[in-house]
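J.:
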């Protein structure tokens, strides 16, 4: 044990110079070291005091701010009436809230929920309770594209066929020339099919070709001549493609987005711009020419004949003077 203690003492004496102080007196280097340590301590204490004074001054000038709380994550489930799309034509003073469309085949800004359709367009319901009674009836009242829909927020969109079983009525959802949703009443024959725009084309697993349409419908083994942008005439009863029309000059088309939404005309020619948007030039029935992006074009049929009935006005936009004359003519 004594030997171990001696070794420890030797190491201690080698590594650290022992300073012996008697009545504030130091020996050799120890005096200098102690003086430096005391000086550093004073500087640190002085710095800490300054920082504390600055903090006190700040607290006096500005009151204590509340800590920011993080908002909850998750999907939005509400929609204020004032923020609803203009295409719904809702009354601003009709309430605070509007029905938010559920997730479905169409985007929120490009869809019309069933509750708004039944209340505001068809006037079959006075309030939300009436809507739930109509949709949840055992007799299956409301069909969209041949399938029963019971969700009041189900999003119906462009070219969808809505059928009301009790009244024996069918409607196709379209836009007017001002971008507002319009319900076009259909005959029984026309209610059996709808038009679909091809938005994607690919080959899936096991080398199975398929296409995707504007209403999120996937169709396997399509005709190989069908391309992106073409329009399909789709049979809702048998779930088959009856016919298709190419996106090319000479065919009648419908504008589904943009400033010219709802207008109908014949494609004159298509301008291709590399690295930018392709432009399509269209002429309506009155001879008015206009241009829009190629992505806004929805072909309605082959040649000048449309496969569907158009809303009033046949997709021709009136000028301000023509609209005024029509409104004030008695």
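Residue numbers (UniProt numbering): 1 to 330. Quick reminder that beta carbons are idealized off the backbone N, C-alpha and C, glycines included. Because the structure is a prediction, the values reported are computed rather than measured.
(1) Contact check, residue 198 vs residue 229 under 8 Å by CB: the rounded distance?
(2) Hey, would you say residue 294 sits closer than 9 Å to residue 280, going by beta carbons?
(3) Under the three-state reduction of DSSP, which class applies to residue 291: helix, strand or coil?
(4) Leaving out five residues on either side along the sequence, give the residues of the same chain with a beta carbon under 8 Å from the beta carbon of residue 303.
(5) According to DSSP, what are the bridge partners of residue 113?
(6) With a cut-off of 8 Å on the beta carbons, I'd call residue 114 and residue 154 a contact; round off their distance for me.
(7) Count the other CB atoms, across all protein chains shown, that sit within 10 Å of the CB of residue 226; report buried if there are 16 or more and exposed otherwise.
(8) Could you tell me if residue 185 is buried or exposed, where buried requires 16 or more neighbouring beta carbons within 10 angstroms of its beta carbon?
(9) So the alpha helix (DSSP H) residue 130 belongs to, where does it begin and stop?
(10) Applying the 10 Å Cβ sphere with the 16-neighbour rule, what's the burial state of residue 37?
(11) Identify whether residue 243 lies in helix, strand or coil by the three-state DSSP scheme.
(12) Cutting at 7 Å between CB atoms, please list the residues of its own chain near residue 307, excluding the five before and the five after it.
(13) Residues in the same chain with beta-carbon distance under 6 Å from residue 175, minus the five sequence neighbours each way, listed in chain order, please.
(14) Mind checking who residue 169 pairs with in its DSSP beta bridge?
(15) Could you name the residues that DSSP lists as bridge partners for residue 219?
(16) List the endpoints of the continuous alpha helix (DSSP H) containing residue 328.
(17) Are residue 151 and residue 133 close, meaning C-beta to C-beta below 9 Å?
(18) Spell out a yes or no on whether the stretch 75 to 82 and the stretch 96 to 110 are touching, meaning 3 or more CB-CB pairs, one atom from each, closer than 8 Å.
(19) If you drop the 5 nearest sequence neighbours on each side, which residues of the same chain put their C-beta closer than 6 Å to that of residue 289?
(20) Taking residue 297 as the reference, which of 235, 267, 46 and 117 has the closest Cα?
(21) Between the beta-carbon of residue 107 and the beta-carbon of residue 157, is there less than 9 Å?
(22) Starting from residue 230, follow its DSSP beta bridges and name the residues at the other end.
(23) In the DSSP assignment, what residue or residues form a beta bridge with residue 145?
(24) For residue 139, which option in 256, 118, 41 and 167 has the closest C-alpha, if you only look at C-alpha atoms?
(25) With 16 as the cutoff for other CB atoms within 10 Å, does residue 320 come out buried or exposed?
(26) Would residue 171 be called buried (16 or more neighbouring beta carbons within 10 Å of its own) or exposed?
(27) Quick check: what's the CA-CA separation for residue 59 versus residue 51?
(28) Shortest alpha-carbon distance to residue 305 belongs to which of 269, 254 and 324?
T.: Concretely, from the data shown:
(1) The beta-carbon separation of residue 198 and residue 229, rounded to 6 Å, stays under the 8 Å limit for a contact.
(2) Yes. Within cutoff.
(3) Strand.
(4) Same-chain partners within the cutoff: 250, 251 and 252.
(5) As computed with DSSP, residue 113 is found in a beta bridge with 155.
(6) Rounded, the Cβ-Cβ distance is 5 Å, consistent with contact.
(7) So residue 226 counts as buried.
(8) By the neighbour-count rule (16 or more Cβ atoms within 10 Å), residue 185 is not buried but exposed.
(9) Start and end: 128 to 135.
(10) Residue 37 is exposed by the Cβ-count criterion.
(11) Three-state result, residue 243: strand.
(12) For residue 307, where only same-chain residues beyond five positions count, the Cβ hits under 7 Å are 195, 233, 300 and 301.
(13) Only 261 and 262 meet the Cβ criterion.
(14) Among the bridge pairs identified by DSSP, residue 169 is matched with 164.
(15) 211.
(16) Unbroken alpha helix (DSSP H) run through residue 328: 320 to 328.
(17) At a Cβ-Cβ threshold of 9 Å, residue 151 and residue 133 do not count as neighbours.
(18) With three or more CB-CB distances shorter than 8 Å, the stretch 75 to 82 counts as touching the stretch 96 to 110.
(19) Leaving aside the five residues that flank residue 289 on each side, the residues in its chain whose CB is nearer than 6 Å to its CB run, in chain order, 283.
(20) When each option's Cα is compared against that of residue 297, the closest is 267.
(21) Yes, they are a contact pair.
(22) Its beta-bridge partners do not exist; DSSP assigns none.
(23) Beta-bridge pairing links residue 145 to no other residue.
(24) Checked all of 256, 118, 41 and 167; the closest Cα to residue 139 is 167.
(25) Burial call: exposed.
(26) With 16 or more other Cβ atoms inside 10 Å of its own Cβ, residue 171 counts as buried.
(27) For residue 59 and residue 51, the distance between alpha carbons rounds to 12 Å.
(28) Nearest to residue 305 by C-alpha distance, out of 269, 254 and 324, is 254.
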